[in-house]
Amino acid sequence: MQSEKEQAVKSAKKRITTGSISFQFFTFIGLLLAVLLVMLNIFPYTSTRDAVYQEKEKAMESQASTLASTLSGLEKPSKESVAEVLRLLDMQGFERVSVSSSDGAAVYDSDEGDGAGVEPDLLTALEGKTIFRSAFRDGSFRSSYAIPISARGELTGAVFLREIDAERGQILRELKLQIRVLSLVIALAALVMTGIYSTTVLGKLRQLSNAIRIVSGGDYKYRMEVNGKDELSELSREFNDLTARLEDTERQRRRFVSDASHELKTPLASIRLLSDSIVQTENMDSDTIREFVADIGNEAERLQHMTEDLLSLSRLDGDIKIVPVPVDIKQVTLDVIDKLHPVAEEQRVTVRTELDEGCQVLATKDDIFHIVYNLIENAIKYNFPEGSVTAKLHAEDGTVVLTVEDTGVGIPEDERYNIFGRFYRIDKARSREAGGSGLGLSIVHDAVKAHGGTIAVGANEPRGSRFIVRFPQAK
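Next up, the structure:
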């Protein structure tokens, strides 16, 4: 019961997390869309309305100035004369036309019969000021213009014009309606597209999240189905590549554990068998006991060498920070050959050298020693009697090149890609007879790589193997 509750809580948390991502996404798109639609509804409307205002001001200014200029030429304006001027100027489209004398008395007013009062702007114009007003109200443009009348430099009256333009107002209302309809269509289309896009994107994210949970559960064979070339598809491909590397690493780890267990088990079993034989056999002669003890010592030495190799690999795998120093590979090679001289004499193998001076690299002396030692030791052990091993060293183009050639059994071409694997042996029986643990070349490979170098293997003519190691030369 408790586990079911926990699963329900986890499921709810997942839904909340997914929902929150969707909510954030839709909120962002909604806010962005709202801002764009507000701008779409405000800017065209206000810019069109302001353009009408400016047009009205210029038109009414022109007409009012013409009327004032004409009236200023009349010696004594009257209602009849003003009406005649208006008729001649064809100014019949105004809702109200008022003309007053300098003392404010009405000379002409088109709304006189409706009992309209004196316009405040008309009185202001009698003070020598020009006033324009315009507003969009009740679906129409309502504009007015008041201008003083001057004759011979003296203020003789004022003119007031008022206009109600319903036609332009209707155009502006239709424009506003069209903008709203367009905004609604854009909003619906944007929401539909956002929904489709978010569903697709969030679907891929859910698939990726599910794939991560599957792989984190230990199923390294799982792969995502990748369709498309977008960023999420590329992320899925990277995930598949990472999972493939994890699968390969896990496979190598299991193989390493299995091989290590097997390699450690063999000498331990021999030691136990020999020791049990000594304990359980009565009256065993001293020579036999000495032989068994010597065999136990050999097996213990194998265990010691294998343990040391495993520790070296662990150190190389652990990315432990090292402090490199200039190391003379020539001197290290000479020290290795001197140490392996008894082994070479026992195998009846001749070791030759072609070592140039000045071949220094930045590394640790122990690592360089292990590299050279393993390569030359293998070349000696896997050689034929009366065979030879040649160690060459030279510098070229800022690189130190170490070559170890032998006339031994050689390495088949199809096996060259595997020889640097841990516990990998071409001939397991012969390798055990030679005392090898199968870790030497792995240590060489990892040590060379740790110091920025490369290692390659090929055939030596007419027979044998050739290992070529390259290091950046120390300046």
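If you're matching positions, the sequence shown starts at 1488 in the working numbering and goes up one per residue.
Note that CB positions come from ideal geometry on N, CA and C, so glycine has one too.
- By the neighbour-count criterion, in which 16 or more other beta carbons inside 10 Å mark a residue as buried, Y1684 falls on the exposed side.
- Taking a contact to require three or more Cβ pairs closer than 8 angstroms, the region 1822-1837 and the region 1852-1864 qualify as touching.
- Contact between the region 1653-1668 and the region 1584-1597 is absent: fewer than three C-beta pairs spanning the two stretches fall below 8 angstroms.
- Between G1591 and L1613, the gap from beta carbon to beta carbon is short of 8 angstroms.
- When DSSP states are grouped into helix, strand and coil, R1574 belongs to the helix group.
- Less than 8 angstroms divides the Cβ of S1568 from the Cβ of L1561.
- Secondary structure of T1877 (DSSP, three-state): strand.
- The alpha-carbon of V1780 is positioned some 21 angstroms away from that of T1794.
- The C-beta of V1766 has fewer than 16 other C-beta atoms within 10 Å across all chains shown, which makes the residue exposed.
- The shortest CA-to-CA distance from H1932 to any of R1740, L1692, D1854 is the one to D1854.
- Contact check for Q1818 against I1867 fails: the beta carbons are separated by 8 angstroms or more.
- Taking 8 angstroms as the cut-off, the beta carbon of I1634 is found closer than this to the beta carbon of A1551.
- By the neighbour-count criterion, in which a residue is buried when 16 or more other Cβ atoms sit within 10 angstroms of its Cβ, T1894 is buried.
- Between L1648 and M1547, the C-beta gap is smaller than 8 angstroms, which places the two residues in contact.
- R1740 counts as exposed, since fewer than 16 other C-beta atoms from the protein chains shown sit within 10 angstroms of its C-beta.
- Taking a 10 Å sphere around the C-beta of R1953, we find 16 or more other C-beta atoms and assign the residue as buried.
- In chain order, D1843, G1845, C1846, V1888, Q1960 place their CB closer than 8 angstroms to the CB of A1882, counting only its own chain and leaving out the 5 sequence neighbours on each side.
- Annotation: the continuous alpha helix (DSSP H) that includes P1607 extends over 1607-1612.
- For S1952, the enclosing beta strand (DSSP E) has its first and last residue at 1952-1959.
- Sorting A1943, S1875, A1521, A1934 by C-alpha distance to the C-alpha of R1667 places A1521 at the top.
- Under the three-state reduction of DSSP, E1841 is assigned to strand.
- Rounded to the nearest angstrom, the Cβ distance from I1783 to S1762 is 7 angstroms, consistent with a contact under 8 angstroms.
- Counting of Cβ neighbours within 10 angstroms places D1774 among the exposed residues, the total staying below 16.
- T1820 is classed as buried because its beta carbon has at least 16 other beta carbons within 10 Å across all chains shown.
- Runs of the alpha helix (DSSP H) lying entirely within the region 1652-1739 and spanning at least 4 residues, in chain order: 1653-1703.
- Contact annotation: A1878 and T1837 have beta-carbon atoms that are not nearer than 8 angstroms.
- Between the alpha carbons of V1876 and R1950 lies a gap of roughly 12 angstroms.
- For A1831, the uninterrupted alpha helix (DSSP H) run begins and ends at 1828-1834, by DSSP.
- K1852 is a Cβ neighbour of V1814, given a cutoff of 8 angstroms.
- Contact annotation: the region 1531-1550 does not touch the region 1703-1723, with fewer than three C-beta pairs closer than 8 angstroms.
- Between H1938 and V1848, the gap from beta carbon to beta carbon is short of 8 angstroms.
- Residues Q1960 of the same chain have their beta carbon placed closer than 6 angstroms to that of G1885, with the five preceding and five following residues left out of the count.
- DSSP, read as helix, strand or coil, puts L1889 in strand.
- For V1814, the secondary structure class from DSSP, reduced to helix, strand or coil, is strand.
- Contiguous beta strand (DSSP E) elements confined to the region 1522-1599 occur at 1583-1588, 1593-1596, taking only those with 3 or more residues.
- DSSP places I1942 in the strand class (E or B) of the three-state scheme.
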